[in-house]
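Novice: Below is one structure. I have some questions about it.
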Amino acid sequence: MKKITSYVFIILLITLGSILIFNTQITNWVIDFLSNRAYQTKITSSNQDTTTFNYKSVKPVSSYSVAMQALKPHSDGLIAKINIPAVDIKLPIFYGLSNRNLIRGVGTMKRHQKLGKGNYAIAGHYMTSSGVLFSPLANVHFGEKIYLINRHYQYIYRITGKSIIHNYQIGVIKNIPQANYKFNPNKPGIFQWQSVDDVFLMVVD
Numbered sequence: 000m001k002k003i004t005s006y007v008f009i010i011l012l013i014t015l016g017s018i019l020i021f022n023t024q025i026t027n028w029v030i031d032f033l034s035n036r037a038y039q040t041k042i043t044s045s046n047q048d049t050t051t052f053n054y055k056s057v058k059p060v061s062s063y064s065v066a067m068q069a070l071k072p073h074s075d076g077l078i079a080k081i082n083i084p085a086v087d088i089k090l091p092i093f094y095g096l097s098n099r100n101l102i103r104g105v106g107t108m109k110r111h112q113k114l115g116k117g118n119y120a121i122a123g124h125y126m127t128s129s130g131v132l133f134s135p136l137a138n139v140h141f142g143e144k145i146y147l148i149n150r151h152y153q154y155i156y157r158i159t160g161k162s163i164i165h166n167y168q169i170g171v172i173k174n175i176p177q178a179n180y181k182f183n184p185n186k187p188g189i190f191q192w193q194s195v196d197d198v199f200l201m202v203v204d
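Using numbering that gives the first Met the number 0, read the sequence shown as starting at 0 and increasing by one per residue.
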């Protein structure tokens, strides 16, 4: 009996160890699956009122939140798509900064912003070196192109600069006369290095 108990205990330890080792990989795979599926859907939604733009409510991605999204998938809310061919980014753009949106893709940061007019600010999680969501953004270079697509038009931007800013410098998402800012992932976890206080600002024209 003791030998059987020992075997069961060893099997449980191996199973638990495997889950802990592969947990991150599984989570990233599910995120990639959800975002790819959302990207392939048709853009049918317009801006909605029932959402949040409070960046302080954004939570880090966890295995639990991803699992809940996978168990209760949502295909609504797709208002546009972003494509950066140079780093193989293809993500759906949703209206607002709900955690549900940011697990599947990226969200808009301002309520009444419009593509092609002023500062079009979007936010998405940076998943360290996993390659999902905005992770490849670290590898963009000047001159590379960004494509934003909505139901009616495709907008092409060219990267002219990039820099890291503090997470509370949210003023950069505002429309500034004669400024060239039109694309801006700006929020802790959207593009972070070792510190969550550092975020990435990409300026394009």
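All residues carry an ideal CB built from backbone N, CA and C; glycine is no exception.
Can Y38 and P91 be called in contact, C-beta distance under 8 Å?
Specialist: yes
Novice: Per DSSP, K89 forms a beta bridge with which residues?
Specialist: Beta-bridge pairing links K89 to N82.
Novice: For G95, which of K71, G142, R150 and K109 has the nearest alpha-carbon?
Specialist: K109
Novice: At the level of alpha carbons, what is the spacing between R25 and L136?
Specialist: Note that residue 25 is Ile in the sequence shown, not Arg. I25 and L136 have their C-alpha atoms some 22 Å from each other.
Novice: Going by DSSP in three states, I172 sits in which element: helix, strand or coil?
Specialist: Helix at I172.
Novice: Which two residues bound the contiguous beta strand (DSSP E) that contains Y146?
Specialist: K144 to I148
Novice: Going by DSSP in three states, I30 sits in which element: helix, strand or coil?
Specialist: helix
Novice: Can you give the Cα-Cα distance for N287 and A122, rounded to whole angstroms?
Specialist: This structure cannot settle anything about residue 287, because the visible part of the chain is limited to 0 through 204.
Novice: Would you mind sorting N183 into buried or exposed? The rule is 16 or more other CB atoms within 10 Å of its CB.
Specialist: Reliability fails at N183, whose pLDDT of 39 lies under 50, so the model's placement of it is uncertain and no value is given.
Novice: Could you compute how far the alpha carbon of F33 sits from the alpha carbon of R103?
Specialist: Just to set this straight, residue 33 is Leu in the shown sequence, not Phe. Rounded to whole angstroms, L33 to R103 spans 6 Å at the Cα level.
Novice: Cα-Cα, which of K161, A66 and V131 is closest to E143?
Specialist: K161
Novice: Between which two residues does the alpha helix (DSSP H) harbouring V65 extend?
Specialist: S62 to L70
Novice: Is DSSP giving N58 helix, strand or coil here?
Specialist: Sequence check: residue 58 is Lys here, not Asn. Coil at K58, not helix or strand.
Novice: For N22, I'd like the list of residues in its chain whose CB is within less than 7 Å of its CB, leaving aside the five on either flank, ordered along the chain.
Specialist: S62
Novice: Go ahead and pull the three-state DSSP assignment for I155.
Specialist: strand
Novice: To the nearest angstrom, how far is the alpha carbon of K181 from that of R157?
Specialist: Residue placement at K181 is flagged as unreliable, the pLDDT there being 35, under the threshold of 50; a coordinate-derived value is accordingly withheld.
Novice: Mapping the DSSP letters down to three states, classify L132 as helix, strand or coil.
Specialist: It is a strand residue.
Novice: In the DSSP assignment, what are the bridge partners of I121?
Specialist: T107
Novice: Under the DSSP definition of a beta bridge, which residues are partnered with L77?
Specialist: Per DSSP, F93.
Novice: Nearest to K80 by alpha carbon, out of I42, V60, I30 and H111?
Specialist: Nearest C-alpha to K80: I42.
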